[in-house]
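Participant:
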Amino acid sequence: MDFETRAIHAGQEPDPATGALTTPIYQTSTYAQDAVGEHRGYDYSRVANPTRTALQECLASLEGAAHGVAFSSGLGAATTLMHLVDPGQRVIAVNDVYGGIYRMFSQVYEPKGYRFTWLAADRFNTGGLDDELDDTTRLVWLETPTNPLLNVVDLRAAVEAAHAAGALVVVDNTFATPYLQQPLELGADVVLHSTTKYLGGHSDVVGGFLATNDDALAERLRFLQKSLGAVPGPFDSWLVLRGIKTLGVRMDRHSDNAEKVAEFLQRHKSVKQVLYPGIDGHPGHETAAKQMKRYGGIVSFRVTGGEAQALEICDKAEVFTLGESLGGVESLIEHPGKMTHASVAGTPLEVPADLIRLSVGIETIDDLLADLDRAMA
Ligand SMILES: Cc1ncc(COP(=O)(O)O)c(C=O)c1O
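Take the sequence shown: its letters are residues 196 to 572, numbered as in our numbering.
#1: The alpha helix (DSSP H) with T482 in it runs from where to where?
#2: Express the C-alpha separation of V385 and R417 in angstroms, rounding to a whole number.
#3: Should S450 go down as buried or exposed, given a rule of 16 or more other Cβ atoms within 10 Å for buried?
#4: Pick helix, strand or coil for T372, following the three-state DSSP scheme.
#5: Tell me whether D210 counts as near ligand 1, meaning its Cβ is closer than 7 Å to at least one heavy atom of that ligand.
#6: Cβ atoms of P343 and T535: under 8 Å apart, would you say?
#7: Tell me the residue span of the beta strand (DSSP E) that contains S389.
#8: Taking 7 Å as the cut-off, is the C-beta of D367 nearer than that to any heavy atom in ligand 1?
#9: If we call anything under 8 Å between Cβ atoms a contact, is G403 one with L270?
#10: What are the partner residues of T312, as DSSP defines its beta bridges?
#11: Please confirm if the region 509-517 is in contact with the region 477-496, defined as three or more CB-CB distances below 8 Å between the two stretches.
#12: Could you check what DSSP says for K440 in three-state terms: helix, strand or coil?
#13: With a threshold of 7 Å, establish whether the CB of Y293 neighbours any heavy atom of ligand 1.
#14: Cα-Cα, which of E454, V469, A570, G428 is closest to V555?
#15: Could you check whether N452 and G395 sit closer than 8 Å to each other, using their CB atoms as the reference points?
#16: Our contact map puts G294 next to S520 with C-beta atoms below 8 Å; I'd like the distance itself, whole angstroms only.
#17: Using the Cα positions of E338 and Q228, report the straight-line distance between them to the nearest angstrom.
#18: What do you get for M196, buried or exposed, if any count of 16 or more other CB atoms within 10 angstroms of its CB means buried?
#19: So is the beta-carbon of E338 under 7 Å away from any non-hydrogen atom of ligand 1?
#20: Going by beta-carbon coordinates alone, are L567 and A512 separated by less than 8 Å?
#21: Measuring only the C-alpha atoms, how far is T312 from E252?
#22: For P191, which residues of its own chain have a beta-carbon under 6 Å away from its beta-carbon, when the five flanking residues on both sides are left out?
#23: Quick check on DSSP: helix, strand or coil for L517?
#24: Exposed or buried, what is V231 when buried is set at 16 or more other beta-carbons lying within 10 Å of its beta-carbon?
#25: For the alpha helix (DSSP H) that H204 lies in, which residues bound it at each end?
#26: Can you tell me where the alpha helix (DSSP H) holding F418 begins and where it ends?
#27: DSSP beta-bridge partners for Y226?
#28: Between E355, R497, L345, which lies nearest to G473 when the distance is taken from Cα to Cα?
#29: Okay, do the region 315-323 and the region 261-277 touch, 3+ Cβ pairs below 8 Å being the bar?
#30: Count the other CB atoms within 10 Å of the CB of P306; is the residue buried (16 or more) or exposed (fewer)?
#31: Quick test of your reading: L436 and T218, contact by CB under 8 Å. State the CB separation rounded to the nearest angstrom.
#32: Taking 7 Å as the cut-off, is the CB of S520 close to at least one heavy atom of ligand 1?
#33: In three-state DSSP terms, what is G396?
#34: Return the CA-CA distance between G438 and H397, expressed in angstroms with no decimal places.
#35: Which same chain residues end up closer than 6 Å to P373 when comparing Cβ atoms and leaving out the 5 residues on each side of it in sequence?
What follows is the structure in structure tokens.
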């Protein structure tokens with residue numbers, strides 16, 4: 196079955212007990228057992244829960260993965276994945292990762308002796324990864340497009356280099372979603388999601404996910420999921436499961452609207468630079484066109500009037516709500532330097548002070564453009 200059919204049906208049979216069409220929220224911590232040591236596949240909800248199973252099967256199918264493991268947040272998924280790395284080993288990461296990942300790596304893991312090398316996205320595309328890889332490198336951690344600068348990493352090229360050196364490739368596919376980009380098909384070993392974003396899609400749940408085709412890795416991740424315990428509850432699993440049913444139509448509308456917003460911004464006299472991989476002149480455009488179906492709903496831009504103007508625009512926008520996060524049906528505006536990426540302030544990863552990030556929602560495009568026009572007047 197094709198993607199949008201699987202988004203609605205994979206992992207979800209009508210409930211055998213009642214015929215309920217929608218997967219029930221199995222709001223239970225434990226399960227009655229038929230005899231000592233004999234149960235029906237479920238013994239305790241940290242280990243497994245039927246609503247979570249449905250989510251794991253559905254989302255794994257969308258990523259083209261044999262295995263999916265759900266978590267309580269994107270960072271919960273990342274923490275669990277970091278248990279594949281030992282102190283002394285190295286992670287090479289793209290340097291404009293989500294600020295929370297940077298904070299985790301630099302303030303939690305680095306002080307414990309884990310080693311990190313940060314590479315600009317364009318260096319991954321020009322042989323920079325080959326120069327850095329060595330036999331202590333356990334993971335290559337990629338995000339593409341990146342948050343919030345929308346840089347693009349050539350996944351096939353990075354995978355080839357990493358695998359030649361024996362490192363695993365992790366791709367945070369939160370921005371693109373499996374509808375627009377499928378990293379496992381391009382050779383990546385693990386896909387990571389903050390399901391909080393487009394997969395949930397309605398700004399009402401926090402969750403995370405890992406997908407892989409490697410059986411041994413999947414077994415280890417399931418063991419870590421139950422042993423570390425960063426699991427999503429049944430209701431949160433259900434919200435994500437419901438969200439992904441409409442992923443395809445939402446991502447097409449997000450992309451339609453974002454393309455029009457990017458065009459509008461390119462023509463605006465207060466805009467210094469528009470960062471959107473869908474634009475012809477964007478440095479990552481050709482690579483994005485190769486590995487993505489469309490370019491998604493996030494548009495960042497820099498203004499001519501510096502930080503003061505950026506803050507004023509954030510303040511004046513109305514339909515674009517001032518807020519962190521992204522990927523919901525509603526449009527959001529934020530100032531990465533003072534909000535989502537405050538944790539990289541004062542580091543080499545600091546984002547420009549004149550930068551604004553938009554999560555372009557699926558409202559009527561004319562209302563979105565009118566709102567930006569007013570806020571930027
Ligand atoms: C690209 C990306 N990865 C990971 C995360 C972390 O996910 P969560 O907030 O669900 O822990 C975020 C959150 O903003 C993100 O944008």
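Cβ coordinates follow ideal geometry from the N, Cα and C atoms, glycine included.
Facilitator: According to the structure shown:
#1: For the purposes of this step, residue 482 is identified with residue 287 of the sequence shown, where counting begins at 1. Segment 480-486, the alpha helix (DSSP H) holding T482.
#2: Here residue 417 refers to the residue found at position 222 when the sequence shown is read from its first residue. Here residue 385 refers to the residue found at position 190 when the sequence shown is read from its first residue. Taking the straight line from one Cα to the other gives about 13 Å.
#3: Mapped onto the sequence shown, residue 450 falls at position 255. By the neighbour-count rule (16 or more Cβ atoms within 10 Å), S450 is buried.
#4: Residue mapping note: residue 372 aligns to position 177 of the sequence shown, counting from 1. Residue state for T372 is assigned as helix, using DSSP reduced to three classes.
#5: Mapped onto the sequence shown, residue 210 falls at position 15. No, ligand 1 has no heavy atom inside 7 Å of this Cβ.
#6: Working through the sequence shown from its first residue, we reach residue 535 at position 340. Working through the sequence shown from its first residue, we reach residue 343 at position 148. Yes, the Cβ-Cβ distance between T535 and P343 is below 8 Å.
#7: In the sequence shown, counting from the first residue as 1, residue 389 sits at position 194. Per DSSP, S389 belongs to the beta strand (DSSP E) from 385-389.
#8: Counted from its first residue, the sequence shown places residue 367 at position 172. D367: yes, Cβ under 7 Å from ligand 1.
#9: Position 208 of the sequence shown, counted from the start, is the residue given in the question as residue 403. Position 75 of the sequence shown, counted from the start, is the residue given in the question as residue 270. Closer than 8 Å, so yes.
#10: Sequence index remark: in the sequence shown, residue 312 carries index 117 (1-based). The partner list for T312 (beta bridge, DSSP) reads I287.
#11: The answer is no - the region 477-496 does not touch the region 509-517, with fewer than three Cβ pairs under 8 Å.
#12: Here residue 440 is taken as the residue at index 245 of the sequence shown, counted from 1. K440 carries a coil assignment under DSSP once its states are collapsed to helix, strand and coil.
#13: Here residue 293 refers to the residue found at position 98 when the sequence shown is read from its first residue. Answer for Y293: yes, Cβ within range of ligand 1.
#14: Within the sequence shown, numbered from 1, the residue matching residue 555 stands at position 360. Taking only the C-alpha atoms, the option nearest V555 is E454.
#15: Taking the sequence shown and counting its residues from 1, one reaches residue 395 at position 200. Taking the sequence shown and counting its residues from 1, one reaches residue 452 at position 257. Between G395 and N452, the C-beta spacing is not below 8 Å.
#16: Residue numbering aside, residue 294 sits at position 99 when the sequence shown is read from its first letter. Residue numbering aside, residue 520 sits at position 325 when the sequence shown is read from its first letter. Not confirmed; about 12 Å, so no contact.
#17: Within the sequence shown, residue 338 is the residue found at index 143, counting from 1. Within the sequence shown, residue 228 is the residue found at index 33, counting from 1. Cα to Cα, the separation comes out at about 43 Å.
#18: Counting from one through the sequence shown, the residue named residue 196 turns up at place 1. Looking at its Cβ environment, which holds fewer than 16 other Cβ atoms inside 10 Å, M196 is exposed.
#19: The count along the sequence shown starts at 1 and reaches residue 338 at position 143. For ligand 1, at least one heavy atom lies less than 7 Å from the Cβ of E338.
#20: Residue mapping note: residue 567 aligns to position 372 of the sequence shown, counting from 1. Residue mapping note: residue 512 aligns to position 317 of the sequence shown, counting from 1. Going by beta carbons, L567 and A512 fall inside the 8 Å limit.
#21: Walking along the sequence shown from the start, residue 312 turns up at place 117. Walking along the sequence shown from the start, residue 252 turns up at place 57. If you draw a straight line from the Cα of T312 to the Cα of E252, it comes to about 34 Å.
#22: Beyond the ends of the chain as shown, which are 196 and 572, falls residue 191; an answer cannot be given.
#23: Taking the first residue of the sequence shown as position 1, residue 517 is located at position 322. In this structure, L517 counts as strand in the three-state DSSP scheme.
#24: Numbered from its first residue, the sequence shown carries residue 231 at position 36. Classification for V231: exposed.
#25: For the purposes of this step, residue 204 is taken as the residue at position 9 of the sequence shown. Start and end: 198-204.
#26: Along the sequence shown, read from residue 1 onward, the residue named residue 418 stands at position 223. Counting along the chain, the alpha helix (DSSP H) containing F418 begins and ends at 410-423.
#27: Against the sequence shown, residue 226 aligns to sequence position 31. Bridge partners of Y226: none, in fact.
#28: In the sequence shown, the residue the question calls residue 473 occupies position 278. If we check each option's Cα against that of G473, L345 comes out closest.
#29: Result no; under three Cβ-Cβ pairs closer than 8 Å.
#30: Position 111 of the sequence shown, counted from the start, is the residue given in the question as residue 306. Result: exposed.
#31: Here residue 436 refers to the residue found at position 241 of the sequence shown. Here residue 218 refers to the residue found at position 23 of the sequence shown. Yes, they are in contact, since the Cβ atoms of L436 and T218 sit about 6 Å apart, within 8 Å.
#32: Here residue 520 refers to the residue found at position 325 of the sequence shown. Checking the Cβ of S520 against ligand 1 gives yes.
#33: Start at 1 with the first residue of the sequence shown, and residue 396 comes out as number 201. Reduced to three states, the DSSP call for G396 is coil.
#34: The residue given as residue 438 occupies position 243 in the sequence shown. The residue given as residue 397 occupies position 202 in the sequence shown. Rounded to the nearest whole angstrom, the CA to CA distance from G438 to H397 is 7 Å.
#35: The count along the sequence shown starts at 1 and reaches residue 373 at position 178. Once the five neighbours on either side are set aside, the close Cβ partners of P373 are L257, E258.
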